[in-house]
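Colleague: For reference, the structure I am asking about is given below.
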Amino acid sequence: MSDEHRSLPVMQPDSGHTDEGQIPPIVRFLPLQKALDLARANSLWPLTFGIACCAIEMMAASASRYDTDRFGAGVFRNSPRQADLMIVAGTVNMKMAPIIRRLYDQMPAPKYVIALGSCAICGGPFDQDENYAVVQGVDKVVPVDIFVPGCPPRPEALINAILELQERIKSGQTHSSRV
Amino acid sequence: MSDSETTVALEIKPTAYQQQLLDLLSSLHLAGIQLSDFSKTGVDFDAVANSETLPAAASALRDNGFALDCILGIDRNPGLEAVYLFRPFADGARVRIRAQVAPDRALLPTITGIYSGADWYEREVHDMFGIVFEGHSHLRPLLLPHFTNFHPLRKNFHGSPIVIPEDTVEIPEVDLQAAMKLGQTDRTHRDFFLNMGPQHPSTHGVLRILLHVEGEEVLGGRCHLGYSHRGTEKLAEKKQYVQILPYTDRMDYLAPLNYNWGYAALLERATGIESTPRAEAIRVAIGELARVSSHLVWLGTFMLDLGAITPFLFCFEDRERILTVFERATGQRMTTSYIVVGGVRNDVYDGFIQDVRDLLDYMRKRLPEYDRLVMTNEIFLQRTRGVGVITAQQARDQGVTGPVLRGSGVDFDLRRDEPYCPLYQELKWNVVVEQEGDCLARSRVRMREMDESLNLIEQALERIEEGPYRAKIPRNFKVNAGEYYSATEGPRGMVGWYLVADGSMTPYRLKVRVPSFPNLQVVESLIPHSRVADVVAILGSVDVVIPEIDR
Chain A
0 MSDEHRSLPV
10 MQPDSGHTDE
20 GQIPPIVRFL
30 PLQKALDLAR
40 ANSLWPLTFG
50 IACCAIEMMA
60 ASASRYDTDR
70 FGAGVFRNSP
80 RQADLMIVAG
90 TVNMKMAPII
100 RRLYDQMPAP
110 KYVIALGSCA
120 ICGGPFDQDE
130 NYAVVQGVDK
140 VVPVDIFVPG
150 CPPRPEALIN
160 AILELQERIK
170 SGQTHSSRV
Chain B
0 MSDSETTVAL
10 EIKPTAYQQQ
20 LLDLLSSLHL
30 AGIQLSDFSK
40 TGVDFDAVAN
50 SETLPAAASA
60 LRDNGFALDC
70 ILGIDRNPGL
80 EAVYLFRPFA
90 DGARVRIRAQ
100 VAPDRALLPT
110 ITGIYSGADW
120 YEREVHDMFG
130 IVFEGHSHLR
140 PLLLPHFTNF
150 HPLRKNFHGS
160 PIVIPEDTVE
170 IPEVDLQAAM
180 KLGQTDRTHR
190 DFFLNMGPQH
200 PSTHGVLRIL
210 LHVEGEEVLG
220 GRCHLGYSHR
230 GTEKLAEKKQ
240 YVQILPYTDR
250 MDYLAPLNYN
260 WGYAALLERA
270 TGIESTPRAE
280 AIRVAIGELA
290 RVSSHLVWLG
300 TFMLDLGAIT
310 PFLFCFEDRE
320 RILTVFERAT
330 GQRMTTSYIV
340 VGGVRNDVYD
350 GFIQDVRDLL
360 DYMRKRLPEY
370 DRLVMTNEIF
380 LQRTRGVGVI
390 TAQQARDQGV
400 TGPVLRGSGV
410 DFDLRRDEPY
420 CPLYQELKWN
430 VVVEQEGDCL
440 ARSRVRMREM
450 DESLNLIEQA
460 LERIEEGPYR
470 AKIPRNFKVN
480 AGEYYSATEG
490 PRGMVGWYLV
500 ADGSMTPYRL
510 KVRVPSFPNL
520 QVVESLIPHS
530 RVADVVAILG
540 SVDVVIPEID
550 R
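Going line by line, the protein sequences match chains A and B.
Mapping of the first sequence onto numbering that gives the first Met the number 0: position 167 corresponds to residue 166, and the numbering continues sequentially without gaps.
Mapping of the second sequence onto numbering that gives the first Met the number 0: position 162 corresponds to residue 161, and the numbering continues sequentially without gaps.
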């Protein structure tokens, strides 16, 4: 299938996109911003949201042996309204994509997205000719901060992604902080 | 492909039981009734029906204790075909009934009035092939989004643009009523619709259940599937046989080894390759370990659904120990692709047997702890006893298999009743059965199954003898034209594989009959007149894996 048939990406990755609903602050107070970023980085609240295989590794990462609580990212929230980190763990198909977008929109800003595993990055093993279901990467639907390769990635890889995300939040390099 | 290629009339005389079935089938006005060689095709009887004879045949089979295995579609190009597979639990005789239709007038009568489990199967065939089942009350898309206008498994379909719609969640009120199969009179003035999922912590993946509730009481519910549909069956038609193996891992990620095994068993049946004794012992050991690890995830997440966090932490730690062994033996924690045609992909490492023995010792201490922690816990008993009762007849009509079936008092396990590995008949173990059919019974079955699996592993370890771990087969191979069916027992029930081969290196059609599909369907009939909290308990006790259902 050629590229022009892959129609209607909701969002182009890395196009300097900003969130529609987000209004840039009128006054920016830099030291306070830094303090807030530090606090946000060290208490990420992920959304309980698994789609496929990677979700099990996400659960394993939050369970006893790997324990993401050590990095302040273990409070899985069941409602998107309480979460600020979405870990897209699994294959996104065209029935699921608008729901991911809706969940993302429901999360309060600033919010961050980790694409966990090959499927969420580019469709993974399901990116094939005659494919009729799988969206080739979740970055067509929501802006992604960290991509974690693997099929599925090990829990250590997710922990590494969380640490990397924390660094980016602290240095203001996430999609959410580029408002 | 003609039938004569796939179905060989046996030289030998049919047994008394087979004769009895033959007589039954001939009394149903079916055409082309044939005995088939089970060891080669996985089917005992073949028959061809048309729109007139199909419902009567299904009805007669149901009266004779047959359960519905699955319904699948095949595009014969030209011409479509629906294949119905039936099997009684007690005696092993699989009956295949084909019904052919023209692509421009693809009409068949529904059998949902006879087998309630046919509901979703018919909807899936309608999705994928466009066969219309007349009389079906709710022939809406099941796996595909509601706006799709193509039938992906037809041979003249070659992909479609991926459209990300604005929203698939919104359904107008009228559609909601239709989705719930409600008439005007079924609405009360205090009822409302409640969406459970696709993002919901206790739907175990991206399942959406539309509940019709009045206060806390659930009046009814409909499952909406397809949020994890990946088109694996279409992809399989483009892939060589060896390339399909990794996709089997990703269907049931909790027990990929059992899926690898099922696929390997199918190809072994189709090609006549036999695996080596060493490989069989390794398969049993590692396959049963996968069963234990899958049941551990079930226990942890089920308890999480019921509000207990501690068992989740315990279970995942135990599972990590099993995964460590998997990783050393297969190279991967979850997506193993380990069990291949003719044996296993690579030999187990030195010290595998000792590692597994240590694991067994450890698990034997842990399982009684779980019994004390969970199975005797008063809150757990209150939440599960008498909740979500499935009767044996209901289970048969719905085509339920696995621990859910055994929790309803039906003594049926493919490892014993349709052996795909000789070791299962030589080793000492029991099929676990509980009578009550409620959530508690299903939980007890799984807990006791873990014990039995440990016994099986221990005995299988002693059978790992010196020898090749894999039969000598070419790296790539063709499968002779024909149709093959093979069923194995996964942790959730019967994993059936239906292969239509055309003699090339790729399958013409590969259908996976997944256990969670009918197991989830039965939930729809359990939830009326329960509480919202019970829905969570029922769903957790049934133990579904959504990507396996959606494929």
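In this text, a Cβ means the ideal position worked out from N, Cα and C, and glycines have one as well.
Keep in mind the model is a prediction, meaning the values are calculated, not measured.
Report the partner residues of A:Arg76 according to the DSSP bridge assignment.
Modeller: A:Leu46
Colleague: Name the two residues that bound the continuous beta strand (DSSP E) containing B:Met504.
Modeller: Segment: none, B:Met504 is in no beta strand (DSSP E) and carries neither H nor E.
Colleague: Please check if any C-beta of chain A sits within less than 8 Å of the C-beta of B:Arg122.
Modeller: no
Colleague: Under DSSP, the beta strand (DSSP E) around B:Gln33 begins and ends at which residues?
Modeller: Where B:Gln33 is concerned, the enclosing beta strand (DSSP E) stretches over 30–34.
Colleague: From A:Pro79 to A:Pro109, what distance separates their C-alpha atoms?
Modeller: 13 Å
Colleague: Hey, does A:Phe125 have any beta-carbon neighbour from chain B nearer than 8 Å?
Modeller: yes
Colleague: Per the DSSP calculation, B:Leu210 is bridged to which residue(s)?
Modeller: B:Leu193, B:Gly220
Colleague: Counting only runs that start and end within the segment 63–136 of chain A, where is the beta strand (DSSP E) found for 3 or more residues in a row?
Modeller: 84–88, 111–115
Colleague: Under 8 Å, do A:Leu115 and A:Met57 count as touching if we go by C-beta distance?
Modeller: yes
Colleague: Taking CB distances under 8 Å as the criterion, tell me whether A:Glu155 reaches chain B.
Modeller: no
Colleague: Which residue or residues does DSSP assign as beta-bridge partners of B:Ala500?
Modeller: B:Gly481, B:Pro506
Colleague: What residue range does the alpha helix (DSSP H) around B:Arg290 cover?
Modeller: 276–304
Colleague: Tell me, please, whether the segment 372–383 of chain B touches the segment 505–512 of chain B by the rule of three or more beta-carbon pairs shorter than 8 Å.
Modeller: no
Colleague: Which residue wins for smallest C-alpha separation from B:Ala307, given the options B:Glu326, B:Glu482, B:Gly539?
Modeller: B:Gly539
Colleague: Within its chain, find whatever has a CB closer than 7 Å to the CB of B:Gly436; leave out the 5 residues flanking it on each side and keep chain order.
Modeller: The residues are Val388, Ile389, Thr390, Gly406, Ser407, Gly408.
Colleague: By DSSP, does B:Gly539 sit in helix, in strand, or in coil?
Modeller: helix
Colleague: Strictly by DSSP, which residues pair up with B:Leu71?
Modeller: Paired residues: B:Val82.
Colleague: Can you give me the Cβ contacts of B:Pro77 inside the same chain, cut-off strictly under 7 Å, excluding the 5 residues immediately before and after it?
Modeller: Pro102
Colleague: How is A:Val26 classed by DSSP in three states: helix, strand or coil?
Modeller: coil
Colleague: Would B:Ile110 pass as an interface residue toward chain A - the criterion being a Cβ-Cβ separation below 8 Å?
Modeller: no
Colleague: Rounded to whole angstroms, what is the Cα-Cα separation between B:Glu448 and A:Asp104?
Modeller: 44 Å
Colleague: From what residue to what residue does the alpha helix (DSSP H) around B:Arg249 run?
Modeller: That run of the alpha helix (DSSP H) goes 240–250.
Colleague: Flag A:His4 as yes if its beta-carbon sits less than 8 Å from any beta-carbon of chain B, otherwise no.
Modeller: Any reading at A:His4 is ruled out, since the residue's pLDDT is 37, under 50, leaving its predicted position unreliable.
Colleague: In the DSSP assignment, the alpha helix (DSSP H) including B:Asp416 goes from what residue to what residue?
Modeller: 413–416
Colleague: Three or more C-beta pairs under 8 Å: does that hold for the segment 286–298 of chain B against the segment 240–254 of chain B?
Modeller: yes
Colleague: Can you find a C-beta in chain B that's less than 8 Å from the C-beta of A:Lys169?
Modeller: no
Colleague: Compare the beta carbon distance of B:Gly219 and B:Pro517 with 8 Å and say whether it is the shorter of the two.
Modeller: no
Colleague: Residues of chain A with a CB under 7 Å from the CB of B:Gln239: which are they?
Modeller: Chain A residues near B:Gln239: none, gap ~13 Å exceeds 7 Å.
Colleague: Mind checking if B:Met195 is an interface residue toward chain A, Cβ cutoff 8 Å exclusive?
Modeller: no
Colleague: Where does B:Phe156 fall in DSSP's three states?
Modeller: coil
Colleague: Going by C-alpha distance, which of B:Arg122, B:Gln17, B:Asn454, B:Tyr484 is nearest B:Ala264?
Modeller: B:Tyr484
Colleague: Check whether the Cβ of A:Glu129 lies closer than 8 Å to any Cβ atom in chain B.
Modeller: Closer than 8 Å: yes.
Colleague: Taking 8 Å as the CB-CB limit, is A:Thr67 close to chain B?
Modeller: no
Colleague: Can you tell me which of B:His203, B:Phe311, B:Phe192 puts its alpha carbon nearest to the alpha carbon of B:Glu216?
Modeller: B:Phe192
Colleague: What residue from B:Ser50, B:Arg75, B:Tyr114, B:Ile130 has the CA that sits closest to B:Ser58's CA?
Modeller: B:Tyr114
Colleague: Any contact of the segment 220–230 of chain B with the segment 138–145 of chain B, i.e. 3+ C-beta pairs under 8 Å?
Modeller: yes
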